[in-house]
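Quick note: the sequence shown, position 4, residue 172 per the numbering used here, numbers continuous. Every residue gets a Cβ at the ideal spot worked out from N, C-alpha and C, and that includes glycine. Read the structure below first, then the notes.
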Amino acid sequence: QVQLVESGGGSVQPGGSLRLSCVASRNIFSIYAMGWFRQAPGKQRELVAKIGTGGSTNYADSVKGRFTISRDNAKNTVYLQMNSLKPEDTAVYYCRADSAFTQRNYWGQGTQVTVSS
Numbered sequence: 169q170v171q172l173v174e175s176g177g178g179s180v181q182p183g184g185s186l187r188l189s190c191v192a193s194r195n196i197f198s199i200y201a202m203g204w205f206r207q208a209p210g211k212q213r214e215l216v217a218k219i220g221t222g223g224s225t226n227y228a229d230s231v232k233g234r235f236t237i238s239r240d241n242a243k244n245t246v247y248l249q250m251n252s253l254k255p256e257d258t259a260v261y262y263c264r265a266d267s268a269f270t271q272r273n274y275w276g277q278g279t280q281v282t283v284s285s
């Protein structure tokens, strides 16, 4: 079992920045890919960014060049640095861990990000 706890959400003006954190209950990054997803009201949950077990990253087209996913293995923490935020980035952001060897995955509880003037 893996617990994921997100933090760092909040309210920010357009053009601002936030850094989200996702802390895992144990060291899993060598066997779990980590991803950030988001869900806006009335919309489906979508992948924002992902970092593989080997450190490779990929991003949704809508956030490329503005968001950066990274991880700190010593702290069991994955980050999402979000710059140049736009109102359309408003959503609940979730962290997910995907096993590289099974179909198992785990979700965090989510953190709200609101971008508004």
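Annotated three-state conformation of residue 242 is helix, per DSSP. Around the beta carbon of residue 218, 16 or more other beta carbons sit within 10 angstroms, so the residue counts as buried. With distances taken between CA atoms, residue 265 lies nearest to 193 out of 176, 232, 193, 281. Going by beta carbons, residue 214 and residue 201 fall outside the 8 angstroms limit.
Taking a C-beta distance under 8 angstroms as the contact criterion, residue 186 and residue 246 do not qualify as a contact pair.
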